[in-house]
Amino acid sequence: MCLIGINRPERRNALDTVTYVQLGEALQAADDDVGVRAIVLTGEGGHFTAGNDLADFQRLKDADAVPGIGFLRILATVSKPVVAAVEGYAIGIGTTLLLHCDLAYAGRSSKFRLPFVGLGLCPEGASTYLLPRLAGSKVAANLLFFGEPFLADTAREIGLLNEVVEDGTALERAIERAEALARLPVQALATTKRLLVEQQRDKVGQIMDAEEKDFLRCCAGQEAQTAFSSFFAKK
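Counting with numbering that gives the first Met the number 0, you get residues 0 to 234 for the letters of the sequence shown.
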């Protein structure tokens, strides 16, 4: 088992370009390591992730790629099972990345949110495709349009989580399940994951590409730039 932690606790694990690269490299290394049977993804310091660092979003105005999408592409295509352990905030990409994890466990007080539209942005990570398939089109539209926060019980009800546990025990539960995965027959597990994922892999990749183009267009637009300026003015 390989444990990968998002480690920017001073920023509630907000993700920037460097962190995305590090996470992607760690995921790929774990997937390439024959000694690793399962991967656990968690956040350090009491939060999973507060989402993308908005300072990075401001710099995307003239960019040709969204840094987090490369990480999500790796997460969506690794061959080994990925288990997420969520505590505290799971905002933006902190919620959408769960769509690409095989199993996910969260502390009862964890808070989830998809605030893209309110920031003048569109969703990413193939969430406009995967979330309606998981939760239904009406639920997905409500979550993505309004960006209102929701708790772990709701996340479990709509299929983002396998189980809600007591606060502070999500990592323990995720490791327990990852260790159980590691005891299963290797080839049978790998084949089962491949069969689960490959039927929609090409479609997910296409949707990610389309969302990324629109995301960059939104980032450069007045609505997003105004939202970013307002956010930093309040700080």
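All C-beta atoms in this analysis are idealised placements derived from N, C-alpha and C, irrespective of residue type, glycine included.
In the DSSP annotation of this structure, Gly-135 is not part of any beta strand (DSSP E), being labelled neither H nor E.
By the 16-neighbour rule on beta-carbons within 10 angstroms, Pro-122 is buried. In this structure Val-116 does not touch Leu-98 by the C-beta definition: roughly 18 Å separates them, more than the 8 Å allowed.
Here the C-alpha atom of Gly-69 lies approximately 10 Å from the C-alpha atom of Leu-22.
Cα atoms of Leu-130 and Ala-139: separation of roughly 6 Å, rounded to the nearest angstrom.
When C-beta atoms of the region 145-152 are compared with those of the region 198-205, fewer than three pairs fall below 8 Å, so the two segments do not count as touching.
Contact annotation, Leu-40 with Ile-92: C-beta distance approximately 12 Å; criterion of less than 8 Å not satisfied. Three or more beta-carbon pairs drawn from the region 49-58 and the region 10-21 are found closer than 8 Å, and the two stretches are therefore classed as touching. Relative to Ala-209, the option among Ala-181, Gly-124, Ala-103, Leu-133 whose CA is nearest is Gly-124.
Contact between Arg-172 and Glu-162 holds, with the beta-carbon distance rounding to 7 Å and staying under 8 Å.
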